[in-house]
Amino acid sequence: MRLPNPLLLGALYGLSELYLAFTRHSRTQAVSRDRRSLFLLWTVIAVSLWLGIQMIWLFPRATLPYLRGFYFLGFIFFLAGLALRWYSIGYLGRYFTVDVSISAEHKLVDSGPYRYVRHPTYTGALLAFVGLGFCFGNWLSLLFLTVPIIGAFLWRIRIEESALLDALGEDYRAYMRRTKRLIPRVY
Numbered sequence: 022m023r024l025p026n027p028l029l030l031g032a033l034y035g036l037s038e039l040y041l042a043f044t045r046h047s048r049t050q051a052v053s054r055d056r057r058s059l060f061l062l063w064t065v066i067a068v069s070l071w072l073g074i075q076m077i078w079l080f081p082r083a084t085l086p087y088l089r090g091f092y093f094l095g096f097i098f099f100l101a102g103l104a105l106r107w108y109s110i111g112y113l114g115r116y117f118t119v120d121v122s123i124s125a126e127h128k129l130v131d132s133g134p135y136r137y138v139r140h141p142t143y144t145g146a147l148l149a150f151v152g153l154g155f156c157f158g159n160w161l162s163l164l165f166l167t168v169p170i171i172g173a174f175l176w177r178i179r180i181e182e183s184a185l186l187d188a189l190g191e192d193y194r195a196y197m198r199r200t201k202r203l204i205p206r207v208y
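Residue 85 in my numbering sits at position 64 of the sequence shown; the count goes up by one each step and never skips.
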């Protein structure tokens, strides 16, 4: 069985994010709290993808062992990550925007995937990037597709949670106490 080229998977992720960028910006009456985190996040992702691709060509000896097995595992992670991200976006509904903004009618969503982690859309994206790193089949690619992107998402989470605390107050603080950020029961 021939598996998809990892570059096509990266392009698929990019196209799905472009779709969100054009369709899910905040409404004009929402208060933006983004602090350019969206720009930083997309810049880090673009540079990380570019560096991950370069590592394949520059350091061919950094190949993962059991290449086909890692590719298959990565492909499953990638698809599961995209599925979780899109399911979580759909579940959040009108409250999801690509930029950090709070609308006057914003309500706490703590059911569905948000019952297990506070940021399942980010968990899904990170799972997809880990999967993509495995699909690239290179340790250095995996490193560049995870470490900087995790850092960018953690920074964005701080900004988002600050905005949610200001808007939702004690309800969100209680939610933070009972629900982990990205990994159920771990972090």
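For glycine and all other residues, C-beta sits at the position ideal for the given N, C-alpha and C.
Given the structure is predicted, the values throughout are model-derived calculations rather than measurements.
Should residue i go down as buried or exposed, given a rule of 16 or more other Cβ atoms within 10 Å for buried?
i, result
"GLN50", "With a pLDDT of 49 at GLN50, under the threshold of 50, the predicted position of this residue should be treated as unreliable, though the coordinate-derived value follows. GLN50 should be labelled exposed."
"ASN159", "buried"
"ARG179", "exposed"
"TYR137", "exposed"
"ILE123", "buried"
"GLU126", "exposed"
"SER58", "buried"
"GLY172", "exposed"
"ILE66", "buried"
"VAL151", "buried"
"PHE174", "buried"
"ILE170", "buried"
"ALA104", "exposed"
"ALA32", "exposed"
"ARG139", "buried"
In the DSSP assignment, find the unbroken alpha helix (DSSP H) run with residue i in it and report its ends.
i, result
"LEU166", "160-189"
"ILE66", "58-79"
Am I right that residue i and residue j are in contact with their C-beta atoms under 8 Å? What's the rounded C-beta distance?
i, j, result
"ALA42", "VAL119", "6 Å"
"LEU30", "PHE99", "6 Å"
"LEU185", "TYR193", "5 Å"
Start-end ranges of the alpha helix (DSSP H) lying completely within the segment 86-141, minimum 4 residues: 88-113
Decide yes or no for the touch test of the segment 105-122 against the segment 189-208: beta carbon pairs closer than 8 Å, at least 3 of them. no
Stretch-stretch touch, CB-based, cutoff 8 Å, three pairs: the segment 61-78 with the segment 153-172: yes
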